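So the protein sequences, as listed, match chains A and B.
Take any residue in the first sequence, count from 1 to its spot, add 1: that is its number in our numbering.
Take any residue in the second sequence, count from 1 to its spot, add 1: that is its number in our numbering.
The beta carbon of each residue, even a glycine, is placed where N, CA and C say it ideally should be.
The model shown is predicted, which means the values in this text are computed figures rather than measured ones.
A short worksheet on the structure shown next.
Protein chains: 2
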Amino acid sequence: MTVSVKDVAQLAGVSVGTVSNVLNRPERVAPATLQRVNEAITKLGFVRNAAASQLRAGLSRSVGLVVLDSANPFFTDLARGAEDHAASMGISVLVGNSGEDPAREATYLDLFEEQRVRGVMLSPVGDITARLERLRGRGIAAVLVDRHTRNTAFSSVSVDDVVGGQLAAGHLASLGRKDIAFVGGPMHIRQVADRLEGARMALAEAGLPEPRVIEVPSMTLLSGREVGRELARAPESERPDAIFAANDMLGLGLMQGLLMGSGLRIPEDIALIGYDDIAFAESAMVPMSSIRQDAADLGSRAMELLLEEAASGDGYEHRQVVTEPTLVVRASTRPA
Amino acid sequence: MTVSVKDVAQLAGVSVGTVSNVLNRPERVAPATLQRVNEAITKLGFVRNAAASQLRAGLSRSVGLVVLDSANPFFTDLARGAEDHAASMGISVLVGNSGEDPAREATYLDLFEEQRVRGVMLSPVGDITARLERLRGRGIAAVLVDRHTRNTAFSSVSVDDVVGGQLAAGHLASLGRKDIAFVGGPMHIRQVADRLEGARMALAEAGLPEPRVIEVPSMTLLSGREVGRELARAPESERPDAIFAANDMLGLGLMQGLLMGSGLRIPEDIALIGYDDIAFAESAMVPMSSIRQDAADLGSRAMELLLEEAASGDGYEHRQVVTEPTLVVRASTRPA
DNA sequence: CGAACGAAGTGAATCGTTTCAATCCGGGTG
DNA sequence: CACCCGGATTGAAACGATTCACTTCGTTCG
């Protein structure tokens, strides 16, 4: 029923060892033989059995990836970057979605362990240091994503949110705006706090006063719209002349609230910049400036670290890569 | 280095066959033995080697899924539905993203074939009937997604766009609107044509005239905004009193164009309904009604068909499942 | 001319699990 | 007391590719 190397060998009149060589190290096979074997392969429709191959080889040609939320474009881009890099090395990626649920995360790690993947890449939900140590004991490398770890026991990649905050606030300052508001929250989220800290640093450097901070319970369109409406109603003297929204959803909501039914103009009356650079930022009523985190690049670099660690032996020196986000200027902060 | 069933057997003082039974049919093992083996397993940290297991079993415990665009929420939801259903059967899903590229699609199918997956589920890019026939010859089932096939050689699941069009237009008619416009395009896209056809049917049934059709080159925010602006500028007598947008992006653009700088109100002056029910529809300036395709359900049912076909033998009778979308009413079509 | 060499190819052993025919054993039956 | 039954367990074969020590054979070189 199924076609194996043995059948191919028989038809081509060579040994199974030679067929294996054709499959894995064709350069060591004489051209004539190579052709004969390849013909037999296509004629029989032979397809290598990955299970048998992996069993003997001891390791698979795949790595695992667990993301927090597969509906979030950030993670789909990240996965794409990781897959592309892996594919270029002939490695395939098994993607699992934890949905922020530690149980599902654990299930996927179990699966990956059974598969004897080369390594796992994940944005952890709970504290899984112990679990990862165990994997490492099995020779499975692990790289953390998007969570800054002071823990140097693991390699990690993340984006520097302080720099992102500096870029955003610095840009507003460079437009000559003096009264800058930061909208975001809740403050205990590290990313939000870091972005605010970056903003503070940039303003201090520009000799401007502290930003006013408008804290919101969640960073959604709705929260933003509410804050936007309030600001639009406030007398001009009390309105900031620029706003830094801690993410794009919030920023888009702010834009709606500011523009709806008021005569305000963006950026003439108020400049506005968001964070994340989601697809909708570009197609907003006024195309919105933002801070872009190159998720695909992040994924690609994480995969690079992972494969590097997997390829090297025990004494691998773990690395923490922190990438810098970039400023994307659009109409919402472009001087007329 | 690695722990195998043999080690477990030794520590527990049983044979390897018994360990295998503990792993796969625990009910056939005496309770005392069961416990002893399980203790040995945890003590040694044994994890089954999937490659060896699959090799012997002949088939893997996974299925493949190739989606057209992993950035599209429709497909991430679809994948989630498929994964959930598969997980409940102890099957894992390998997800590949073709990005509408036939070459990448082929690469993933190769990979799945090597993995000896139980089946593949895919929204095909090119014509891959031949390829799928070959897979079937290998005992790998295939189910098509989201492309209506008259081809009864394969099972498929899809959403009935004609019904969706009827729902949308029928809803507008039920509000008492008389002059209804359909905005969408290009018309050669089957989904668009079907939605329009459904709309025509619903209006005819309600005794209303044909919808006016405004064709757009692409269904983007921008196209919508442009059309919306034109409509807002037109004299009231020439404006439709309701619009059916062939997808939500277009609908959101229309909303922006209609509201910006005009005194128009939605739904009082113009009712508006979209299609797809993307997340942004709910948080638009005026929450927008839409037609929801339950992608997760679609994925789940496709997986059901797939596993069913994979489990049954050759003479499987293929089924074409067409699901019906549902109407989601929000403020943009809600009578004040 | 014979030894040494290297390229090409061979084939048995191996990876870890599952399967299945065979064995074991305690207890019920005639 | 011999026999049988069936649940529990055993252990060797099998899955298919890869590896590696070994053979073959045509060349080259002293």
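> With 7 Å set as the bound, which would you pick, yes or no: does the beta-carbon of residue 11 (chain B) sit closer than that to a beta-carbon of chain A?
Replying inline: Residue 11 (chain B) sits at position 10 when you count from the first residue of the second sequence. No, no contact with chain A.
> For residue 74 (chain A), which residues of its own chain have a beta-carbon under 8 Å away from its beta-carbon, when the five flanking residues on both sides are left out?
Replying inline: Translated into the one-based positions of the first sequence, residue 74 (chain A) becomes position 73. Contacts found: 279, 280 and 296.
>> Using a 10 Å radius around the Cβ and a threshold of 16 neighbouring Cβ atoms, would you call residue 268 (chain B) buried or exposed?
In response: Your numbering for residue 268 (chain B) matches position 267 in the second sequence. Classification for residue 268 (chain B): buried.
>> Please state the DSSP three-state secondary structure of residue 101 (chain B).
In response: Taking the first residue of the second sequence as position 1, residue 101 (chain B) is located at position 100. Under the three-state reduction of DSSP, residue 101 (chain B) is assigned to coil, being neither helix nor strand.
> Taking a cut of 9 Å between CB atoms, which residues from the segment 99-132 of chain B lie near chain A?
Replying inline: Residues 100, 105, 108, 109, 111, 112, 114, 115, 116 and 117.
> Can you list, in chain order, the residues of its chain whose CB lies under 8 Å from that of residue 200 (chain A), leaving out five sequence neighbours each side?
Replying inline: Taking the first residue of the first sequence as position 1, residue 200 (chain A) is located at position 199. Closer than 8 Å at the Cβ level, and outside the excluded window around residue 200 (chain A), lie 166, 167, 169, 170, 181, 183, 212 and 245.
> Looking at the unbroken beta strand (DSSP E) that takes in residue 324 (chain A), where does it start and where does it end?
Replying inline: The residue you call residue 324 (chain A) lines up with position 323 of the first sequence. Residue 324 (chain A) -> beta strand (DSSP E) spans 321-324.
>> Whole angstroms are fine: how far does the CA of residue 332 (chain A) sit from the CA of residue 61 (chain A)?
In response: The residue you call residue 61 (chain A) lines up with position 60 of the first sequence. The residue you call residue 332 (chain A) lines up with position 331 of the first sequence. Roughly 49 Å between the two C-alpha positions.
>> Taking beta-carbon pairs under 9 Å, can you tell me which members of the segment 36-56 of chain A lie near chain B?
In response: Listed by position, the residues of the segment 36-56 of chain A near chain B (Cβ gap below 9 Å) are 46, 48, 49, 50, 51, 52, 53, 54, 55 and 56.
> Counting Cβ pairs closer than 8 Å, one from the segment 313-330 of chain B and one from the segment 86-98 of chain B, do we hit at least three?
Replying inline: Proximity of the segment 313-330 of chain B to the segment 86-98 of chain B falls short of the contact definition, fewer than three beta-carbon pairs being nearer than 8 Å.
> Who are the Cβ neighbours of residue 37 (chain B) in its own chain at under 8 Å, not counting the five residues just before and after it?
Replying inline: Along the second sequence, read from residue 1 onward, the residue named residue 37 (chain B) stands at position 36. Around residue 37 (chain B): 13, 14 and 15.
> Along the chain, where does the beta strand (DSSP E) that runs through residue 289 (chain A) open and close?
Replying inline: Within the first sequence, the letter at position 288 stands for residue 289 (chain A). Residue 289 (chain A) -> no beta strand (DSSP E), and no H or E assigned at all.
> Using 8 Å as the Cβ pair cut-off and three pairs as the minimum, do the segment 235-245 of chain A and the segment 272-291 of chain A touch?
Replying inline: Judged by Cβ distances under 8 Å, the segment 235-245 of chain A makes contact with the segment 272-291 of chain A, as three or more pairs qualify.
> Can the beta-carbon of residue 109 (chain B) be found less than 7 Å from the beta-carbon of residue 144 (chain B)?
Replying inline: For this step, residue 109 (chain B) is matched to residue 108 along the second sequence. For this step, residue 144 (chain B) is matched to residue 143 along the second sequence. Using a Cβ distance threshold of 7 Å, residue 109 (chain B) and residue 144 (chain B) do not count as a contacting pair.
> Between the segment 62-77 of chain A and chain B, which residues of the former have CB atoms less than 7 Å from a CB of the latter, in chain order?
Replying inline: Residues passing the 7 Å Cβ filter: 71, 72, 74 and 77.
> If we count Cβ pairs, one from each stretch, closer than 8 Å, do we get three or more for the segment 89-104 of chain A versus the segment 44-60 of chain A?
Replying inline: No: fewer than three Cβ pairs fall under 8 Å.
>> Please list, in chain order, the residues of the segment 214-233 of chain A that have any C-beta partner in chain B closer than 9 Å.
In response: Those would be 221, 222, 223 and 226, in chain order.
>> For residue 196 (chain B) and residue 217 (chain B), I'd like the C-alpha separation in whole angstroms.
In response: Within the second sequence, residue 196 (chain B) is the residue found at index 195, counting from 1. Within the second sequence, residue 217 (chain B) is the residue found at index 216, counting from 1. When rounded, the distance between both Cα atoms is 15 Å.
> Count the other CB atoms within 10 Å of the CB of residue 32 (chain A); is the residue buried (16 or more) or exposed (fewer)?
Replying inline: Along the first sequence, read from residue 1 onward, the residue named residue 32 (chain A) stands at position 31. Label assigned to residue 32 (chain A): exposed.
> Going along the chain, which residues of the segment 247-272 of chain A sit with their C-beta nearer than 7 Å to a C-beta in chain B?
Replying inline: Listed in sequence order: 257 and 261.
> Since residue 64 (chain B) contacts residue 307 (chain B) with CB under 8 Å, what's their CB separation in whole angstroms?
Replying inline: The residue you call residue 64 (chain B) lines up with position 63 of the second sequence. The residue you call residue 307 (chain B) lines up with position 306 of the second sequence. So it is a contact: roughly 6 Å between Cβ atoms.
>> Taking CB distances under 7 Å as the criterion, tell me whether residue 202 (chain B) reaches chain A.
In response: If you number the second sequence from 1, residue 202 (chain B) lands on position 201. Chain A contact via Cβ: absent.
> Using the beta-carbon count (16 or more within 10 Å), is residue 302 (chain B) buried or exposed?
Replying inline: Sequence index remark: in the second sequence, residue 302 (chain B) carries index 301 (1-based). Under this definition residue 302 (chain B) is a buried residue.
> To the nearest angstrom, how far is it from the Cα of residue 291 (chain A) to the Cα of residue 236 (chain A)?
Replying inline: Here residue 291 (chain A) refers to the residue found at position 290 of the first sequence. Here residue 236 (chain A) refers to the residue found at position 235 of the first sequence. If I take the Cα positions, the gap works out to 27 Å.
> In terms of DSSP beta bridges, what is residue 127 (chain A) paired with?
Replying inline: As a position in the first sequence, residue 127 (chain A) is number 126, starting the count at 1. For residue 127 (chain A), which the question treats as bridged, DSSP gives no partner whatsoever.
>> Just to confirm my understanding: we take residue 336 (chain A), look at its own chain, exclude 5 residues before and 5 after, and list those with CB closer than 8 Å. What are they?
In response: Against the first sequence, residue 336 (chain A) aligns to sequence position 335. Counting only residues of its own chain and dropping the five nearest sequence neighbours on each side, residue 336 (chain A) has a CB closer than 8 Å to the CB of 176 and 268.
> DSSP on residue 2 (chain A), reduced to helix/strand/coil?
Replying inline: By 1-based counting over the first sequence, the position of residue 2 (chain A) is 1. Reduced to three states, the DSSP call for residue 2 (chain A) is coil.
> Is the Cβ-Cβ distance between residue 259 (chain B) and residue 220 (chain B) less than 7 Å?
Replying inline: Sequence index remark: in the second sequence, residue 259 (chain B) carries index 258 (1-based). Sequence index remark: in the second sequence, residue 220 (chain B) carries index 219 (1-based). With respect to the 7 Å criterion, residue 259 (chain B) and residue 220 (chain B) are not classified as neighbours on the basis of their beta carbons.
> Can you tell which of B:51, B:81 and B:28 has the C-alpha that lies nearest to the C-alpha of residue 6 (chain B)?
Replying inline: Here the question's residue 6 (chain B) lines up with position 5 in the second sequence. The shortest C-alpha separation from residue 6 (chain B) is found at B:51.
> Would residue 289 (chain A) count as contacting chain B if we go by Cβ distances under 7 Å?
Replying inline: Position 288 of the first sequence holds residue 289 (chain A). Taking Cβ atoms only, chain B never reaches closer than 7 Å to residue 289 (chain A), which makes this a no.
> Excluding sequence positions up to five away, which residues of its chain have a Cβ less than 8 Å from the Cβ of residue 55 (chain B)?
Replying inline: If you number the second sequence from 1, residue 55 (chain B) lands on position 54. Hits under 8 Å: 61, 62 and 117.
> residue 90 (chain B) versus chain A: which residues are under 9 Å apart at the beta carbon?
Replying inline: As a working note, residue 90 (chain B) is residue 89 in the second sequence. Ordered by position in chain A, no residue passes the 9 Å Cβ test against residue 90 (chain B), which lies about 14 Å from the chain.
> Among A:134, A:265, A:173 and A:198, which residue has its Cα nearest to the Cα of residue 185 (chain A)?
Replying inline: Stepping through the first sequence from its first residue, residue 185 (chain A) is reached at position 184. Residue nearest to residue 185 (chain A) within the set A:134, A:265, A:173 and A:198 is A:198 (criterion: CA-CA distance).
> Quick one: is residue 286 (chain A) near chain B, going by C-beta distance under 7 Å?
Replying inline: Looking up residue 286 (chain A) in the first sequence gives position 285. Cβ-Cβ to chain B under 7 Å: yes for residue 286 (chain A).
> With distances taken from CA atoms, which of B:205, B:178 and B:135 is nearest residue 48 (chain A)?
Replying inline: Translated into the one-based positions of the first sequence, residue 48 (chain A) becomes position 47. Among B:205, B:178 and B:135, the Cα nearest to that of residue 48 (chain A) is on B:135.
> Which term fits residue 2 (chain B), buried or exposed, when burial requires 16 or more other beta carbons within 10 angstroms of its beta carbon?
Replying inline: One-based indexing of the second sequence puts residue 2 (chain B) at position 1. Exposed, by the Cβ-count rule.
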